[in-house]
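A.B. asks: Residue numbers (my numbering): 777 to 999.
Cβ coordinates follow ideal geometry from the N, Cα and C atoms, glycine included.
Source: prediction; values computed, not measured.
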Amino acid sequence: MAKFGVDPHGRWDKNIAESQFKSHVDNIINKYREATPALLEGGHQWYAKAHEEATKLGKGDTKRGAGIIAALSPLSDWDRNVREAKELVKTGDVKSALLPANVAKAQRIHAGEPPEEVLGGHKVTNFFQNIHDPSNTSPVTIDRHAYDIAMGRPFAGTGRSKTAEDLKVPRQTGVMSQDLGLSSMGRYQHFVHAYQHAAGELGVDVPNKAQATSWVTHRGAIG
């Protein structure tokens, strides 16, 4: 499936993207409304609980804990993410890490560098901000699941952590490794705004609650 906002020749067209915006908002709203009571509660509490985890990890320094978690988050599910963050704080390293560069970032944050100066990438920095301050209405974490929800795609993958074998799959050969174009600030912000608009229409006070609830509903599981 082609990226959103791309014409038949593969060129980015802002007008096409804008014409698709309402359908993206509607897809998010529809997914949110599929949530069972348990998934609704779990989604609304997801970042608050992640905030608590970061506070414990940082021994009271929530920003440091959130930064370590965010730095280690790429290619990991939540359980593995937290497990590796705890390992780093305890031992100073993560032996099982798939991305050593991210371990280095987590080590710098653990040593006292401000997460804002260490972290990179729109998804990772928004994830950090959502965990650090779940009440902040500006950041929204757009990963491949959040993207698929807005695009109306079916759930793909188990949500499990990637393995070394997964990482051998060529970039162009599957949904798991597909380039969604979210490294572009404009494209990333398109989906941030979609979730913000969806939250407004749903009467949800913080967009990250709409994102997390639709995300756990898409996967069919809170963890």
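With distances taken Cα to Cα, identify the nearest neighbour of residue 825 among 810, 811, 842, 812.
C.D. replies: 842
A.B. asks: Note down the Cα distance separating residue 796 from residue 844, rounded to an integer number of angstroms.
C.D. replies: 36 Å
A.B. asks: Buried or exposed, going by whether 16 or more other CB atoms sit within 10 Å of the CB of residue 787?
C.D. replies: exposed
A.B. asks: Considering only C-alpha positions, which residue in the set 901, 789, 793, 804 is nearest to residue 980?
C.D. replies: 804
A.B. asks: Helix or strand or just coil, what does DSSP make of residue 992?
C.D. replies: helix
A.B. asks: Jot down the residue ranges of each uninterrupted alpha helix (DSSP H) in the stretch 806 to 836, minimum 4 residues, whole runs only, in chain order.
C.D. replies: 813 to 833
A.B. asks: Would residue 848 and residue 882 be called neighbours here (beta carbons separated by less than 8 Å)?
C.D. replies: yes
A.B. asks: If you compare alpha carbons, which of 900, 922, 961 is closest to residue 986?
C.D. replies: Closest option to residue 986, judged by alpha-carbon separation, among 900, 922, 961: 922.
A.B. asks: My assumption, with CB atoms under 8 Å, is that residue 891 sits in contact with residue 839. Please give the rounded CB distance.
C.D. replies: 6 Å
A.B. asks: Could you work out which residue in 809, 781, 800 is closest to residue 993 when comparing CA atoms only?
C.D. replies: Per the Cα distances, 809.
A.B. asks: Please report the straight-line C-alpha distance between residue 853 and residue 790, rounded to a whole angstrom.
C.D. replies: 33 Å
A.B. asks: Just reading off the alpha helix (DSSP H) that residue 766 is part of, what are its end residues?
C.D. replies: Nothing can be reported for residue 766, as the shown portion of the chain is limited to 777 through 999.
A.B. asks: Hey, how far is the Cα of residue 958 from the Cα of residue 879?
C.D. replies: 23 Å
A.B. asks: Can you tell me whether DSSP reads residue 782 as helix, strand or coil?
C.D. replies: If DSSP states are grouped into helix, strand and coil, residue 782 belongs with the strands.
A.B. asks: So does the stretch 851 to 866 actually touch the stretch 893 to 909, counting three or more Cβ pairs closer than 8 Å?
C.D. replies: no
A.B. asks: Are at least three pairs of beta-carbons, each pair with one atom in the stretch 912 to 929 and one in the stretch 856 to 868, less than 8 Å apart?
C.D. replies: no
A.B. asks: Drop a sphere of 10 angstroms on the beta-carbon of residue 974, count the other beta-carbons inside from all chains shown, and report buried for 16 or more, exposed for fewer.
C.D. replies: In this structure residue 974 is buried. Its beta-carbon is surrounded by 16 or more other beta-carbon atoms within 10 angstroms.
A.B. asks: I need the boundaries of the alpha helix (DSSP H) containing residue 977, first residue and last residue.
C.D. replies: 961 to 978
A.B. asks: Can you tell which of 908, 886, 918, 962 has its C-alpha closest to the C-alpha of residue 862?
C.D. replies: 886
A.B. asks: Since residue 816 contacts residue 998 with CB under 8 Å, what's their CB separation in whole angstroms?
C.D. replies: Residue 816 to residue 998, Cβ: 10 Å. No contact.
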